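Note that the protein sequences, when read in sequence, are chains A and B. Heads up, the first sequence stops at 526 in the numbering used here, and the numbers go up one at a time, no gaps. Heads up, the second sequence stops at 1437 in the numbering used here, and the numbers go up one at a time, no gaps. C-beta atoms are modelled at their ideal positions from N, C-alpha and C, and glycine is treated no differently. What you are looking at is a predicted structure, and each value in this text was computed from that prediction instead of being measured.
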Amino acid sequence: MGTHRNHQMTAMKTYPQNEPVDVIIIGTGAGGSPVLAELAAAGLSVVALEAGNWWNPATDYAADEPHMSKLYWLGERLSAGDTPTVFGANNSGTGVGGSMLHWGAFCPRPDPRDLRLHTDFAVGHDFPFDYATLVPFYEEVERFLGVSGPAHYPWDPTRRYPLPPVPLNGPALIMQRGFAAIGVQTAEAPIAALSRPYAQPGYTERPPCVGCGYCHQGCVFGAKASPDITFIPKAIAAGAEVRANSFAHAFERDPQGNITAVIYQHEDETHRQRCRAVYLSAGAIETPRLLLHTGLANSSGQVGRNFMAHMSTQVWGTFDDEIRMNKGFPASLISEATLRPPDADFAGGYLTQSLGVVPVTFAGMVARGRGLWGQALVDTLTQYNHFAGIGAHGDCLPSDRNFLELTSEIDSFGVPIPRIHFSYGENETRMSHHAERLMTQAWQAAGARDIWTLQRSSHTVGTCRMGSDPATSVCDPFGRSHDIPNLWISDNSTFPSALSANPALTIMALALRSARQFLSVGFHNP
Amino acid sequence: MHFLAGSTREWDEVVALLRPQFRLIRLDLPGFGSSADVPGYTVAEMADSVQSAIDSLVLTRYSLVGHSMSGKVALVLARRAHDSSDDRLAGLVLVAPSPPSPEPFTPEKRSMMLRLLGTKQVYDDADGRDDRTRARAYITKNELRDIPRVVEERASLEVLRMNPAAWTAWIEHGSREDWAARVGQLTLPAMVIAGEQDLSLGPPQQRQFTLPHLPNGQLETVPNCSHLIPMERPAAMATYLTAFAQRLAAEATIPAPYREFLLSDRVAPKTRQILAERLIPPPIPPDILTPLQLETLRAALDRIIPQPPPALDLAAPIVAQLASGVGDGWRYDVLPPDRTAYREALDRLAAANFLTLTPAAQDATLASLAADPGSPDARWFEDLRAAAVTRWIAHPATLARIGYSGVGIGGATTPHRGFTSITPNHPEPWEPTATTK
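Shown next, in the form of structure tokens:
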């Protein structure tokens, strides 16, 4: 624990700090780790700086939620606005592998229409390319991670998943029943956890999911795809170096403005690694935070703007059956039937998923979101084994009201902590009401009693959006900064709109696409 | 119980430290100390002797503490208690124990030891040493051990009290008896304490020979200490025993079926260790909250999570977290940093005489905090509810109450992993059930 070095692979290449490496990648999550593997495989000298630890799941993970909060980004963030969004466990990770160490591995692709929201609805912002551009990258990521899913995906007949679906657990079976009763189609969810043993060039065989239910606390068994057991070993085998516990906080630049070195803290010491290019892959909070702190790449004024989070309203109910929602893959059923509901009074749409959560998470939701306390709280939680939930993830429109800024509070690295303003607009509120109605009907039809709604938002998106126009975007459609030619961004901050799907798959697809572009033009000035 | 050649008087200093808190029963094994004339030197006979002494007392719940030679006897007694479903034995503390397998003596060491104290010699031995000198050499290991003079003198006299036949029997037979297979694995809570400088039965030997028998055993290493830990480091010894007793008392608050589940191989060792540590509330650091703030916090927590006695201490871990400065990665913008937010909110509650209100009036006061959604009061009360419920539900006593099976998913080294039956109403046979409806 607390190590800088890899616990398993002693043969990691190391690079001297005073010689420039080709590329430094800041962050090892969904955005950084695919770039690391791609660039290393192409023969570039690459070093990844990761703020968190390099955990060994076999010895460092436990079936205990408070203990596993060590996987969350625990640096303070201020949640402002009318519907403040929650950080930490909700969406932010630390450690080699980033927040994918505790991601849910619920892995749908976005709907093709989600990328052209402005074209279709005259609101929001289109992606600078279409869905077909991303399909080969989605397929590549799904194959490399080993995504399990149905043989025939109802909403995309062309799609083929490399592995059969994981088994449906209690909440999934109930959702299947409830949705069937109200005439809404469901399918086994695309899950980045293995239903069979699986290996790929770059990593050794991983075992199938045992349905332990602790995806959000880190997979001790290696069945869930996280970068530390997929992209990172591939990158290291190809010659990449990963430096854990290394928090980047400053840059050095040459007279032309190109970045020549990254300054980072490692174990109370300041280090300086020289480089020819930098990938910023710290996520939609830390990426803009670092850019605002250093004052870089912001001629557009767009850094930190257009923060988005998914409308993630949930509906819960109590059942006579003993469900034990902690068992099995937590969200094993999906419906994409509401991506463009015919009766919608909003732009875009949402997907739904079955939900099982472990007790501390559940207790926090009941105490915060349902507002219970006293005997009512105790009596509710005591029935833990009888709960099941259902949740939505819906698109979110970019808004001037929603942005990240730096505060006057300073963290232990001397960097100002961020304040994130987030308020639902009319579109998110209407979509949430629609989802609440639908899910409540399904839960009534499934036989739930004491049904209640949890209002929440999830995922961090936007804040450094990509686009062709340097006046209105931070980076180009491949993630390259308009202002600084040797600075690239690969993470969820580049999304111009939120999409309705969970973001990790798209982050990885965009990362591969960006890395290929870097390999062809990265060392040429635009 | 004591080491070879010694007596239970080796515990005098430790007993003096522990006596106010604990009932302590001291036993000399056959052939030693006050039992010098008692026959029966095999491991089984020594175990019989201890068992009959225990049975003559009216004990409902006890732990065995065995040092060195008597550690092996304690392991045999624990095996017997398990096999006869005798649940009075709650735990084992083994101090530099002889392992259940044959003790790895070299032939040279065996014959040297037999020469040293195997017969009473009125006259000087070949090296010109009398019995007293040789007893002293044995206790101090030729002055290598750090034992106060007065303690050494008492211990040397105890050595001279023993029946030399018992000494010889242990060296030639008892220490060679192989109980490893018969002892097998014992799941009762155990602590193994070893001296860092003990070359024969130190931490590496305990890890190799003793701990494999004790899946719920914890190894404690005493720094700068050799083999006679109770006499060398009585204060540390007392601290370890107190901590172990605290662990047992805390574990006793968990219903027996769930306690056995937690001790079973369904639960990964790391998960078990985390849950065991959570049983004992952390110390409340000073200077975080005033006594009035702390008392107000406790009163508010009692309304948020009403608990029948014995109530879990929810305040201690909350204050400890405030002291640590590590939060949960975010806070509402309308609130100051956590520590300040708690102090200010608790001061306001105290100023409203929260402590003197009736429970119903306390509830009304808390409800008024939530009256204006999004206000600092409402946000702080939300944070407090979340903090309270997190501490409450993560406690093993609550996990037992709700019949939670998830901690039984195993880990990298356990024989079982995850679940095989995940459909509703089809629990696996090992899954615990809720204790309240």
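query, result
"C-alpha gap between Arg1379 of chain B and Val123 of chain A, whole angstroms", "33 Å"
"Status (buried if at least 16 other CB within 10 Å, exposed otherwise) for Lys1270 of chain B", "buried"
"Chain B contact for Gly88 of chain A (CB, 7 Å cutoff)", "yes"
"Collapsed DSSP secondary structure at Asp450 of chain A in the structure displayed", "strand"
"Which of helix, strand or coil DSSP assigns to Ile1409 of chain B", "helix"
"Phe523 of chain A versus Asn486 of chain A: straight-line alpha-carbon distance, rounded", "8 Å"
"Where Leu1473 of chain B meets chain A, residues with beta-carbon distance less than 8 Å", "Absent from the model: residue 1473 of chain B. The displayed extent of chain B is 1001 to 1437, so no value can be given."
"Contact list for Glu1013 of chain B against chain A, beta-carbon separation under 7 Å", "Those within 7 Å of Glu1013 of chain B in chain A number zero; the least Cβ separation is about 37 Å."
"Asp22 of chain A in three-state terms, based on DSSP", "strand"
"Contact with chain A by Thr1271 of chain B, beta-carbon distance below 7 Å", "yes"
"7 Å Cβ cutoff, Ser520 of chain A in contact with chain B", "no"
"Cα-Cα separation, Gly2 of chain A to Pro1030 of chain B", "Residue placement at Gly2 of chain A is poorly supported in this model, since its pLDDT is 38, which falls under 50; the coordinates are not used for a value here."
"Chain B contact residues for Glu252 of chain A, given Cβ-Cβ distances below 7 Å", "What Glu252 of chain A touches in chain B: nothing, since even the nearest Cβ is about 30 Å away."
"Presumed contact (8 Å Cβ cut-off) between Trp316 of chain A and Gly389 of chain A, rounded CB distance", "4 Å"
"Nearest to Ala309 of chain A (by Cα), restricted to the options A:Ala41, A:Ser408, A:Asp22, A:Ser500", "A:Ser500"
"Counted within 10 angstroms of its Cβ, other Cβ atoms place Pro190 of chain A as buried (16 or more) or exposed", "buried"
"Test item: CB-CB of Gly213 of chain A and Pro359 of chain A under 7 Å", "no"
"Every unbroken alpha helix (DSSP H) inside the segment 112-174 of chain A [4 residues or more]", "117-121, 131-145"
"Whether Ser226 of chain A touches Leu101 of chain A by CB criterion (7 Å)", "yes"
"Proximal chain B residues relative to Lys224 of chain A, where beta-carbon distance stays under 7 Å", "Those within 7 Å of Lys224 of chain A in chain B number zero; the least Cβ separation is about 12 Å."
"Assigned secondary structure, Tyr198 of chain A (DSSP; H/G/I helix, E/B strand, else coil)", "strand"
"Residue of A:Gly369, A:Gly391, A:Ala363 minimising C-alpha distance to Trp953 of chain B", "Any answer about residue 953 of chain B is impossible in this case: the structure gives chain B only from 1001 up to 1437."
"The segment 173-183 of chain A contacting the segment 142-151 of chain A, beta-carbon criterion three pairs below 8 Å", "no"
"Segments assigned alpha helix (DSSP H), at least 4 residues, entirely inside the segment 1031-1115 of chain B", "1043-1056, 1069-1083"
"Close beta carbons around Ala1081 of chain B, own chain, < 6 Å, minus the five adjacent residues each side", "Leu1089"
"Closer than 9 Å at the beta carbon, the chain B residues around Glu405 of chain A", "Those within 9 Å of Glu405 of chain A in chain B number zero; the least Cβ separation is about 11 Å."
"Reduced DSSP category for Thr3 of chain A - H, G, I as helix; E, B as strand; rest coil", "Any reading at Thr3 of chain A needs caution, since the residue's pLDDT is 44, under 50, leaving its predicted position unreliable; the model's value is listed next. Three-state result, Thr3 of chain A: coil."
"Cutoff 7 Å; reference Tyr153 of chain A; Cβ partners in own chain excluding five residues on either side", "Arg159, Ala187"
"Minimum Cβ-Cβ distance from Cys396 of chain A to chain B less than 7 Å", "no"
"Min CB distance Asn1216 of chain B to chain A below 7 Å", "no"
"For Pro1429 of chain B, the three-state DSSP class (helix, strand or coil)", "coil"
"Closest by C-alpha distance to Tyr279 of chain A, when choosing among A:Ala41, A:Met12, A:Trp488", "A:Trp488"
"Per-residue contacts from Glu1382 of chain B into chain A (C-beta, under 7 Å)", "Arg368"
"His266 of chain A to Thr14 of chain A span [Cα, whole Å]", "16 Å"
"Neighbourhood of Thr1168 of chain B by C-beta distance below 7 Å, restricted to the same chain and skipping five residues each side", "Leu1114, Gly1118"
"C-alpha distance - Gly1033 of chain B paired with Arg1154 of chain B, whole-angstrom precision", "11 Å"
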